[in-house]
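*Asks:* Pasting a structure here, questions to come.
Protein chains: 2
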Amino acid sequence: MSITKGRSVTISDVARTAGVSRAAVSKVIRNAYGVSPAMRERVEAAIGELGYRPSVAARALRGSSYRLGLEIPHVSARFMTQIMEGAKQAVAGTPYQLVLAPAHGPEYDTLESLADGLVDGIIAISPLVDPAWLEDLGRRIPVVMLGRHDHPTGYDTVVGDDIGGTRAIMTHLFELGHRRIAHLTEPEAVTRPGCGTPHAVRLETYRTVMTEAGLADLIQVARREDVPDLARAATAELLASPEPPTAIVAGHDDIAMGVLAEIAATGRHGEIAVTGYDNTDLAAHPLIDLTSVDQQGMEMGAQAATMLLERLQGRTEPRRYRATATLRIRGSSVRSPG
Amino acid sequence: MSITKGRSVTISDVARTAGVSRAAVSKVIRNAYGVSPAMRERVEAAIGELGYRPSVAARALRGSSYRLGLEIPHVSARFMTQIMEGAKQAVAGTPYQLVLAPAHGPEYDTLESLADGLVDGIIAISPLVDPAWLEDLGRRIPVVMLGRHDHPTGYDTVVGDDIGGTRAIMTHLFELGHRRIAHLTEPEAVTRPGCGTPHAVRLETYRTVMTEAGLADLIQVARREDVPDLARAATAELLASPEPPTAIVAGHDDIAMGVLAEIAATGRHGEIAVTGYDNTDLAAHPLIDLTSVDQQGMEMGAQAATMLLERLQGRTEPRRYRATATLRIRGSSVRSPG
DNA sequence: ATGAAAGCGCTAACAT
DNA sequence: ATGTTAGCGCTTTCAT
Numbered sequence: 001m002s003i004t005k006g007r008s009v010t011i012s013d014v015a016r017t018a019g020v021s022r023a024a025v026s027k028v029i030r031n032a033y034g035v036s037p038a039m040r041e042r043v044e045a046a047i048g049e050l051g052y053r054p055s056v057a058a059r060a061l062r063g064s065s066y067r068l069g070l071e072i073p074h075v076s077a078r079f080m081t082q083i084m085e086g087a088k089q090a091v092a093g094t095p096y097q098l099v100l101a102p103a104h105g106p107e108y109d110t111l112e113s114l115a116d117g118l119v120d121g122i123i124a125i126s127p128l129v130d131p132a133w134l135e136d137l138g139r140r141i142p143v144v145m146l147g148r149h150d151h152p153t154g155y156d157t158v159v160g161d162d163i164g165g166t167r168a169i170m171t172h173l174f175e176l177g178h179r180r181i182a183h184l185t186e187p188e189a190v191t192r193p194g195c196g197t198p199h200a201v202r203l204e205t206y207r208t209v210m211t212e213a214g215l216a217d218l219i220q221v222a223r224r225e226d227v228p229d230l231a232r233a234a235t236a237e238l239l240a241s242p243e244p245p246t247a248i249v250a251g252h253d254d255i256a257m258g259v260l261a262e263i264a265a266t267g268r269h270g271e272i273a274v275t276g277y278d279n280t281d282l283a284a285h286p287l288i289d290l291t292s293v294d295q296q297g298m299e300m301g302a303q304a305a306t307m308l309l310e311r312l313q314g315r316t317e318p319r320r321y322r323a324t325a326t327l328r329i330r331g332s333s334v335r336s337p338g
Numbered sequence: 339m340s341i342t343k344g345r346s347v348t349i350s351d352v353a354r355t356a357g358v359s360r361a362a363v364s365k366v367i368r369n370a371y372g373v374s375p376a377m378r379e380r381v382e383a384a385i386g387e388l389g390y391r392p393s394v395a396a397r398a399l400r401g402s403s404y405r406l407g408l409e410i411p412h413v414s415a416r417f418m419t420q421i422m423e424g425a426k427q428a429v430a431g432t433p434y435q436l437v438l439a440p441a442h443g444p445e446y447d448t449l450e451s452l453a454d455g456l457v458d459g460i461i462a463i464s465p466l467v468d469p470a471w472l473e474d475l476g477r478r479i480p481v482v483m484l485g486r487h488d489h490p491t492g493y494d495t496v497v498g499d500d501i502g503g504t505r506a507i508m509t510h511l512f513e514l515g516h517r518r519i520a521h522l523t524e525p526e527a528v529t530r531p532g533c534g535t536p537h538a539v540r541l542e543t544y545r546t547v548m549t550e551a552g553l554a555d556l557i558q559v560a561r562r563e564d565v566p567d568l569a570r571a572a573t574a575e576l577l578a579s580p581e582p583p584t585a586i587v588a589g590h591d592d593i594a595m596g597v598l599a600e601i602a603a604t605g606r607h608g609e610i611a612v613t614g615y616d617n618t619d620l621a622a623h624p625l626i627d628l629t630s631v632d633q634q635g636m637e638m639g640a641q642a643a644t645m646l647l648e649r650l651q652g653r654t655e656p657r658r659y660r661a662t663a664t665l666r667i668r669g670s671s672v673r674s675p676g
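Those sequence lines, one after another, are chains A and B. Under my numbering, the first residue of the first sequence carries the number 1, and numbering increases by one thereafter. Under my numbering, the first residue of the second sequence carries the number 339, and numbering increases by one thereafter.
Written out as C-alpha cells, the structure reads:
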C-alpha cells in the first residue's frame with residue numbers, strides 16, 4: 001500500500017538499497033534456494049521501503065508471469081459466472097493471479113493472445129476449436145479445456161455428465177406423464193451431431209432417450225442463438241405448432257428463462273413443463289422455481305484451475321475430471337395434463 | 339490459424355526469413371513510419387509463413403502490451419456483466435485486448451497486479467480505495483474509475499446519476515401511496531455517509547427524500563452483505579417489525595431478487611412494493627417484473643473503455659462521464675394498501 | 001528507407 | 001551463500 005512516486009522502482013534499486021546483488025533479490029522474491037536469513041531480511045526491508053513490485057513483463061520474458069488465463073465465450077452467461085467463481089477460489093492463496101479473457105468472435109484469437117506470453121497457463125471454454133490446434137497449443141503452454149468430451153493427449157479436460165444429466169431430466173418428465181417433449185438448444189454450430197460439445201451430447205441423448213421410449217416421431221428440436229428474445233420466439237413457435245409439446249427441455253437455464261418468459265407472457269405459466277441445465281442461482285428463486293441439473297459449475301471451475309496448477313508443477317500426462325450431474329426437481333416441471 | 343511446431347518463432351526468425359533487419363519487422367507490425375511497400379510485403383509474407391506472433395511480454399517490457407485491464411469486484415453481479423459487455427464492445431476493433439481481473443479480497447492487490455506491467459491502462463470498479471492512492475496509480479498508468487462521485491485530477495470517472503435515479507424511485511413510490519418505505523442496501527463499509535460510493539449516495543438520497551417528505555421518523559435502513567440469503571433474511575426482519583414497510587427499495591437488482599424471493603416464499607407476492615436498480619435483464623422478465631432504474635450499464639462500460647483509449651492516445655486532462663438514470667416502472671412496484 | 005546496437009527488468013546458469 | 005554475466009524478444013535512437 002506504499003505510495004510510489006515518480007518512476008517505477010526496479011530490482012536494481014532494491015539491490016542497491018539492500019547492498020546486495022540483483023540475483024539475490026530475485027531469489028528472495030521467488031523464495032528460491034540459497035538465501036541467508038540475514039540477507040532475506042535486508043532485501044525484504046528494502047522492498048518494503050521502496051514499495052518494489054516486480055515487473056510482470058520482465059518476469060514473463062524470462063520465465064513465468066504468474067498469471068493464469070481463463071478464456072470465456074460469454075461473460076454474461078450464468079454458467080460462466082459459476083466457472084469464474086470456482087476458478088477464482090482455487091487460485092486464491094497460490095502465487096498466481098487469475099485473469100479472464102472474454103472472447104470476441106472466434107476463440108482462436110483470444111486463445112492466441114493469451115498464449116502470446118501473457119499467462120503461464122490457459123483454461124478455456126471453446127467447444128468449437130479444432131482438437132489438433134488445441135494439441136498444438138498444449139505443446140506450447142499448459143491447457144485445461146472445459147466441456148469437451150474428446151480424449152486429448154496434450155491437455156486436460158473438465159467435463160460434466162451430460163448424458164446422465166439429460167437422462168435424469170427425461171426420466172423425470174416421462175414419470176410426469178410427458179410424451180410430447182421438445183428440446184430447445186443452441187445453434188447448429190455447437191450442437192452438430194458428433195461434435196462433442198456439451199450441448200451436442202445433450203441433444204443426442206434427448207434423441208436417444210425419445211427413441212428408446214418409442215417416441216421417435218415426437219422428437220422436436222429447436223435451435224436458437226442464446227439471446228432471451230430468440231428463446232422466447234422459439235418457444236412461441238413450438239407452442240403454436242399443431243401438436244404443441246407439453247414439456248420443453250432447455251439446453252441450459254438461460255434458455256429456460258426465455259422459455260418461462262414466453263409462457264408467462266402468454267398467461268400460461270405452469271401449464272407447460274420446463275427444465276433447465278446448470279442449476280444457476282436463478283433456478284432456486286421462488287418466482288422462477290426451475291427444475292434443473294446441477295453439474296457443479298463452481299467445482300468444475302475450481303478443478304480446472306487446480307489441474308492447471310498441477311501442470312505448472314510439472315505434470316505432463318493428461319487428466320480428465322468429470323463432474324456429477326444431479327437433477328434438482330422444482331415447480332417448473334409440472335405434470336402432463338394428458 | 340497456422341499451426342506452430344516446436345519452439346516459438348521470434349522477430350529474428352521473421353527478419354531472417356524476410357531477409358531484413360529486426361527493426362524493419364518491428365516497424366511493419368506496428369505500422370510505423372518508413373517502410374517501403376516492397377519491404378512490408380516481404381515481411382508480411384514471412385509473418386504469415388512462420389505464423390509469427392509478437393511476444394506480449396517483450397513488447398510490454400519495451401513499450402506497450404496492448405492490453406487493457408478491467409478490475410471487477412464481483413464477477414457474478416449482474417451489473418458487472420453489463421459493464422464487461424460494454425467495455426468488450428468498445429475495445430473490439432482496436433488493437434487492444436480486454437482482460438478482466440476479478441478482485442479477491444482487497445482491491446489494492448488486484449489493481450497493483452494489473453499495474454505491474456500487464457496492461458497499458460486500467461478500468462476499475464473499486465469504490466473503497468483511497469483517492470490519494472488512486473491519484474498515484476493514475477500517475478503511473480492511465481486509469482478510469484467507475485462509480486466514484488469524487489472529482490479527481492489524475493484519472494477519469496464514469497458515474498451514474500444515483501441521486502436522480504433514487505429520487506425517481508421515491509417519487510414513484512410516493513405516488514403509489516407509500517409512506518413506510520424501507521431501504522435495503524450493501525454493508526456499512528460501502529455505504530458510509532459521505533464515502534461517495536453509488537450506494538452511499540443512494541442511501542443519502544433516500545434519507546433526504548424521506549426527510550423532505552416529512553417522513554424522517556419512518557426511515558428504515560437495513561444493510562447486508564450481497565448474498566441472496568442475507569437479503570432474504572433482512573427482508574424477513576423488516577417484514578416482521580411492528581410497523582412493517584409497505585415498500586422496499588433495494589440498492590440494486592440482485593438485492594431486489596432476494597427481497598422478492600423472501601416475499602414470494604412467504605406467500606405474499608405482490609403485497610409489498612419492491613424496486614431495484616440497474617435494470618438488469620432479469621428485471622424485465624415477466625416472472626420477476628421488477629421496477630428498476632436503468633443507468634445504462636453497457637454504455638458506462640463502453641464509455642470507460644473509450645475514455646481509457648483516449649488517454650492512451652495522449653489525453654491527460656481528466657474527464658467525467660455521467661450516465662442518465664431512467665426509471666423503468668414494472669409490476670413489482672404495487673400500490674400501497676393504505 | 002533501412003540496419004546496427006543498446007537496452008527494458010528480470011532470471012538462470014555459472015562462478016566464486 | 002552470494003555475485004557475475006548473459007540473454008529472454010522486442011522497440012528505439014542513431015547511423016547510414
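A virtual CB, placed ideally from N, CA and C, is assigned to each residue, including glycine. Given the structure is predicted, the values throughout are model-derived calculations rather than measurements.
When the Cα atoms are used, what is the spatial distance from serine 451 (chain B) to serine 241 (chain A)?
*Replies:* By one-based count along the second sequence, residue 451 (chain B) stands at place 113. By one-based count along the first sequence, residue 241 (chain A) stands at place 241. Rounded to whole angstroms, serine 451 (chain B) to serine 241 (chain A) spans 56 angstroms at the Cα level.
*Asks:* Just checking: is the beta-carbon of histidine 623 (chain B) within a distance shorter than 8 angstroms of some beta-carbon in chain A?
*Replies:* Here residue 623 (chain B) corresponds to residue number 285 of the second sequence, with the count starting at 1. Answer yes: the Cβ-Cβ gap between histidine 623 (chain B) and chain A drops below 8 angstroms somewhere.
*Asks:* Give a yes or no on whether the minimum CB-CB distance between leucine 260 (chain A) and chain B is below 8 angstroms.
*Replies:* Indexing the first sequence from 1 puts residue 260 (chain A) at position 260. Judged by the 8 angstroms Cβ criterion, leucine 260 (chain A) is in contact with chain B.
*Asks:* Are the beta-carbon atoms of glutamine 435 (chain B) and arginine 405 (chain B) separated by less than 8 angstroms?
*Replies:* As a first step, residue 435 (chain B) must be located in the second sequence, where it is residue number 97. As a first step, residue 405 (chain B) must be located in the second sequence, where it is residue number 67. Their beta carbons are under 8 angstroms apart, which means glutamine 435 (chain B) touches arginine 405 (chain B) by this criterion.
*Asks:* Using three-state DSSP, classify alanine 642 (chain B) as helix, strand or coil.
*Replies:* Numbered from its first residue, the second sequence carries residue 642 (chain B) at position 304. Three-state DSSP puts alanine 642 (chain B) in a helix.
*Asks:* Between valine 672 (chain B) and chain A, is there a C-beta pair that is closer than 8 angstroms?
*Replies:* Reading the second sequence from its first residue, position 334 is the one you call residue 672 (chain B). Chain A, which has no Cβ nearer than 8 angstroms to the Cβ of valine 672 (chain B), makes this no.
*Asks:* Assuming glycine 276 (chain A) and isoleucine 83 (chain A) are in contact, meaning their beta carbons sit under 8 angstroms apart, how far apart are those beta carbons, in whole angstroms?
*Replies:* On the first sequence, residue 276 (chain A) is found 276 positions in, with the first residue counted as 1. On the first sequence, residue 83 (chain A) is found 83 positions in, with the first residue counted as 1. The Cβ separation is near 17 angstroms, so there is no contact.
*Asks:* If we call anything under 8 angstroms between Cβ atoms a contact, is valine 259 (chain A) one with valine 274 (chain A)?
*Replies:* Here the question's residue 259 (chain A) lines up with position 259 in the first sequence. Here the question's residue 274 (chain A) lines up with position 274 in the first sequence. A contact, by the Cβ cut-off of 8 angstroms.
*Asks:* Against chain A, with Cβ distances strictly below 8 angstroms, would glutamine 435 (chain B) count as a contact?
*Replies:* Mapped onto the second sequence, residue 435 (chain B) falls at position 97. By this cut-off, glutamine 435 (chain B) is an interface position.
*Asks:* Please identify the residue among A:Asp278, A:Glu85, A:Ala256 and A:Gly314 whose C-alpha is closest to the C-alpha of histidine 269 (chain A).
*Replies:* Here residue 269 (chain A) corresponds to residue number 269 of the first sequence, with the count starting at 1. When only C-alpha atoms are compared, the closest one is A:Ala256.
*Asks:* Of all Cβ atoms in chain A, is any one closer than 8 angstroms to the Cβ of valine 626 (chain B)?
*Replies:* Translated into positions along the second sequence, residue 626 (chain B) becomes position 288. The residue asked about is misnamed: residue 626 (chain B) is isoleucine in this sequence, not valine. Answer yes: the Cβ-Cβ gap between isoleucine 626 (chain B) and chain A drops below 8 angstroms somewhere.
*Asks:* Looking at the structure shown, is proline 102 (chain A) part of a helix, part of a strand, or coil, going by DSSP?
*Replies:* Looking up residue 102 (chain A) in the first sequence gives position 102. Here proline 102 (chain A) sits in strand by DSSP.
*Asks:* Looking at C-alpha atoms only, which residue of A:Ser8, A:Ala325, A:Gly338 and A:Thr10 is the closest neighbour of alanine 168 (chain A)?
*Replies:* Counting from 1 along the first sequence, the entry for residue 168 (chain A) is found at position 168. Measuring from the Cα of alanine 168 (chain A), the nearest candidate turns out to be A:Ala325.
*Asks:* Do valine 363 (chain B) and alanine 353 (chain B) come within 8 angstroms of each other at the CB atom, strictly closer than that value?
*Replies:* Counted from its first residue, the second sequence places residue 353 (chain B) at position 15. Counted from its first residue, the second sequence places residue 363 (chain B) at position 25. Yes, these two residues count as a Cβ contact at 8 angstroms.
*Asks:* Looking at aspartate 500 (chain B): is its Cβ nearer than 8 angstroms to the Cβ of arginine 658 (chain B)?
*Replies:* Position 162 of the second sequence holds residue 500 (chain B). Position 320 of the second sequence holds residue 658 (chain B). No, Cβ-Cβ distance for aspartate 500 (chain B) and arginine 658 (chain B) is not below 8 angstroms.
*Asks:* If you draw a straight line from the alpha carbon of glycine 69 (chain A) to that of threonine 448 (chain B), how long is it in whole angstroms?
*Replies:* The sequence position of residue 69 (chain A) within the first sequence is 69, counting from 1. The sequence position of residue 448 (chain B) within the second sequence is 110, counting from 1. Rounded to whole angstroms, glycine 69 (chain A) to threonine 448 (chain B) spans 15 angstroms at the Cα level.
*Asks:* First and last residue of the beta strand (DSSP E) that includes histidine 521 (chain B)?
*Replies:* Position 183 of the second sequence holds residue 521 (chain B). First-last of the beta strand (DSSP E) with histidine 521 (chain B): 519 to 523.
*Asks:* Would you tell me roughly how many angstroms separate the C-alpha atoms of histidine 412 (chain B) and glutamate 575 (chain B), rounded to the nearest one?
*Replies:* Translated into positions along the second sequence, residue 412 (chain B) becomes position 74. Translated into positions along the second sequence, residue 575 (chain B) becomes position 237. One C-alpha to the other measures close to 26 angstroms.
*Asks:* Look at the alpha carbon of threonine 205 (chain A) and the alpha carbon of glycine 147 (chain A), and state the distance between them as a whole number of angstroms.
*Replies:* Here residue 205 (chain A) is taken as the residue at index 205 of the first sequence, counted from 1. Here residue 147 (chain A) is taken as the residue at index 147 of the first sequence, counted from 1. Cα to Cα, the separation comes out at about 16 angstroms.
*Asks:* Could you give the DSSP three-state label for glutamine 82 (chain A): helix, strand or coil?
*Replies:* Counting from 1 along the first sequence, the entry for residue 82 (chain A) is found at position 82. If DSSP states are grouped into helix, strand and coil, glutamine 82 (chain A) belongs with the helices.
*Asks:* On the DSSP bridge list, what partners appear for aspartate 294 (chain A)?
*Replies:* As a working note, residue 294 (chain A) is residue 294 in the first sequence. BP columns for aspartate 294 (chain A) point to A:Thr326.
*Asks:* Can you give me the C-alpha to C-alpha distance between threonine 549 (chain B) and histidine 521 (chain B), rounded to a whole angstrom?
*Replies:* Translated into positions along the second sequence, residue 549 (chain B) becomes position 211. Translated into positions along the second sequence, residue 521 (chain B) becomes position 183. So the two alpha carbons sit approximately 14 angstroms from each other.
*Asks:* If we ignore side chains and look at the alpha-carbon of each, how far apart do histidine 516 (chain B) and isoleucine 460 (chain B) end up?
*Replies:* Taking the second sequence and counting its residues from 1, one reaches residue 516 (chain B) at position 178. Taking the second sequence and counting its residues from 1, one reaches residue 460 (chain B) at position 122. One C-alpha to the other measures close to 43 angstroms.
*Asks:* For threonine 432 (chain B), which residues in the same chain have their Cβ closer than 8 angstroms to its Cβ, ignoring the five residues on either side in sequence?
*Replies:* Locating residue 432 (chain B) in the second sequence gives position 94, where the first residue counts as 1. Within the same chain, threonine 432 (chain B) has close Cβ partners Leu647.
*Asks:* Tell me where the beta strand (DSSP E) around leucine 68 (chain A) begins and ends.
*Replies:* Position 68 of the first sequence, counted from the first residue, corresponds to residue 68 (chain A). Here the beta strand (DSSP E) through leucine 68 (chain A) covers 67 to 72.
*Asks:* Under the rule that 16 or more other beta-carbon atoms within 10 Å means buried, what is threonine 197 (chain A), buried or exposed?
*Replies:* Along the first sequence, read from residue 1 onward, the residue named residue 197 (chain A) stands at position 197. By the neighbour-count rule (16 or more Cβ atoms within 10 Å), threonine 197 (chain A) is buried.
*Asks:* Distance cutoff 8 angstroms, beta carbons only. Does serine 292 (chain A) sit that close to anything in chain B?
*Replies:* As a working note, residue 292 (chain A) is residue 292 in the first sequence. Chain B, which has no Cβ nearer than 8 angstroms to the Cβ of serine 292 (chain A), makes this no.
*Asks:* Classify aspartate 278 (chain A) as buried or exposed, calling it buried when 16 or more other Cβ atoms lie within 10 Å of its own Cβ.
*Replies:* Counting from one through the first sequence, the residue named residue 278 (chain A) turns up at place 278. Counting Cβ neighbours within 10 Å, aspartate 278 (chain A) comes out buried, since at least 16 surround it.
*Asks:* Where valine 119 (chain A) and leucine 137 (chain A) are concerned, what is the direct C-alpha to C-alpha distance, given to the nearest angstrom?
*Replies:* Translated into positions along the first sequence, residue 119 (chain A) becomes position 119. Translated into positions along the first sequence, residue 137 (chain A) becomes position 137. In a straight line, the C-alpha of valine 119 (chain A) is about 13 angstroms away from that of leucine 137 (chain A).
*Asks:* My guess is that valine 221 (chain A) and methionine 170 (chain A) are in contact by the Cβ rule of under 8 angstroms, so how many angstroms apart are they, rounded?
*Replies:* Looking up residue 221 (chain A) in the first sequence gives position 221. Looking up residue 170 (chain A) in the first sequence gives position 170. Incorrect: roughly 14 angstroms between the Cβ atoms, too far for contact.
*Asks:* Give the residues of chain B in contact with alanine 250 (chain A), contact being defined as C-beta atoms less than 9 angstroms apart.
*Replies:* Sequence index remark: in the first sequence, residue 250 (chain A) carries index 250 (1-based). Within 9 angstroms Cβ-Cβ: nothing; alanine 250 (chain A) doesn't reach chain B, min ~14 angstroms.
*Asks:* Compare the C-beta of tyrosine 321 (chain A) with all C-beta atoms of chain B and state if any pair is closer than 8 angstroms.
*Replies:* Within the first sequence, numbered from 1, the residue matching residue 321 (chain A) stands at position 321. Judged by the 8 angstroms Cβ criterion, tyrosine 321 (chain A) is not in contact with chain B.
*Asks:* Which runs of the beta strand (DSSP E) fall wholly inside the segment 169 to 257 of chain A and span at least 3 residues, in chain order?
*Replies:* Complete beta strand (DSSP E) runs here, min 3: 181 to 185, 220 to 223 and 247 to 250.
*Asks:* So that I know if they touch, is there some Cβ in chain A lying closer than 8 angstroms to that of methionine 595 (chain B)?
*Replies:* Here residue 595 (chain B) refers to the residue found at position 257 of the second sequence. So, interface residue.
*Asks:* In chain B, which residues lie less than 8 angstroms from alanine 273 (chain A) when you measure between Cβ atoms?
*Replies:* To locate residue 273 (chain A), count along the first sequence from 1; it is residue 273. Going along chain B, no residue has its Cβ under 8 angstroms from alanine 273 (chain A), so there is no contact; the nearest lies around 15 angstroms.
*Asks:* Where do the N-terminal and C-terminal ends of the alpha helix (DSSP H) with alanine 384 (chain B) fall, by residue?
*Replies:* Counted from its first residue, the second sequence places residue 384 (chain B) at position 46. Per DSSP, alanine 384 (chain B) belongs to the alpha helix (DSSP H) from 375 to 388.
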